[in-house]
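Residue numbers (our numbering): 309 to 643. Please read the structure below before turning to the comments.
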């Protein structure tokens, strides 16, 4: 378990002090895939670097399995970091070493015998789906393949925690999906706790079970992904979950009321819910905005509906829509 207690981090500049993190408290359970999301400058990367003490907190604690990381000696911290490894947006592979040697590198630093290190590296190449790339160099690989090698290297010391700092930001959507599936498989097979730092909502939606939203160095919302994304409470969470909502609300016709729908695994089969509402309740709704996707028979995503300016119609629509399992509906504020 990772416990972050009242963590703050400040950087002293020539003219002023920047408070990058302000009294952060989070608990990340063993086996979680935990997302930390926020816009640029929110403090995400600083937070993840405090977890493994690459950045020393100004105040507060980081406890991993009850051990206060800040109280470890340099030698103890080096040992602890074998259990807390990291992958980055830029892969950070050693370009002069082939893939096998890149994966062996942390094992060499740990004093593992060369023969054992090579065997472990070959096993990890199998795990990440690149058994034929042992002798290839990073420059010969695609971005997705380089990230797979970086993941294999991060797993070399058999860690308990994998920190992913914008690990898919440089990849195209298809490659991102394959890397996320690999991380999910590693989490499931090896039981590794994964912390994902990202500004990409789809990454958190696709893979994380819990999420914390950061804004200006503070946690403004935290909880189960399904709960936070279907019922965001903070303005920062709403902006991230519904990034296009403000523009769409402004496009509503004068006097029109707006209903926000969130589909979190609703059944997509059968007659569309909006058309069915028009038939069953005789409520005609205009679709102002929609961003949905079907995974198997399940529907995920968001939608804004325009309704007549009538309290009874709005109330009946919300009641009807929320009868459907895994559908959340509320009236959106029309600015």
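Yeah, the Cβ is synthetic: ideal placement off N, Cα and C, and Gly gets one too.
For residue 358, the enclosing alpha helix (DSSP H) covers residues 352-359. Scanning its chain for C-beta atoms nearer than 6 Å, with the 5 sequence neighbours on each side dropped, one finds around residue 549 the residues 537, 540, in chain order.
According to the DSSP assignment, residue 311 belongs to the beta strand (DSSP E) that extends over 310-320. DSSP, read as helix, strand or coil, puts residue 412 in helix. If you compare the alpha carbons of 495, 321, 457, 521 with that of residue 339, the shortest gap goes to 495. Taking a cut-off of 8 Å on C-beta distances, the segment 370-389 does not touch the segment 346-353, as fewer than three cross pairs fall below it. About 11 Å separates the CB atoms of residue 412 and residue 433; that is not less than 8 Å, and the two are not in contact.
Cα atoms of residue 329 and residue 471: separation of roughly 18 Å, rounded to the nearest angstrom.
Here residue 523 is buried. Its C-beta has 16 or more other C-beta atoms within 10 Å.
Ranked by Cα distance from residue 312, the options 354, 322, 368 are led by 368. In this structure the segment 461-479 touches the segment 385-403; the number of beta carbon pairs closer than 8 Å is three or more. Taking a 10 Å sphere around the C-beta of residue 352, we find 16 or more other C-beta atoms and assign the residue as buried. Distances from the CA of residue 380 to each of 399, 566, 359 were compared; the closest alpha carbon is that of 359.
Within its own chain, the residues whose Cβ lies closer than 7 Å to the Cβ of residue 418, once the five positions on either side in sequence are excluded, are 390, 465, listed in chain order. Comparing C-alpha distances from residue 542 to each of 442, 521, 385 shows the shortest one belongs to 521. For residue 315 against residue 382, the beta-carbon gap comes to about 21 Å, at or over 8 Å, which does not count as contact. Secondary structure in the segment 592-630: the beta strand (DSSP E) runs of 3 residues or longer, each lying completely within the stretch, are 594-603, 606-615 in chain order. Counting C-beta atoms within 10 angstroms of its own C-beta, residue 404 has fewer than 16 neighbours from the protein chains shown and is therefore classed as exposed.
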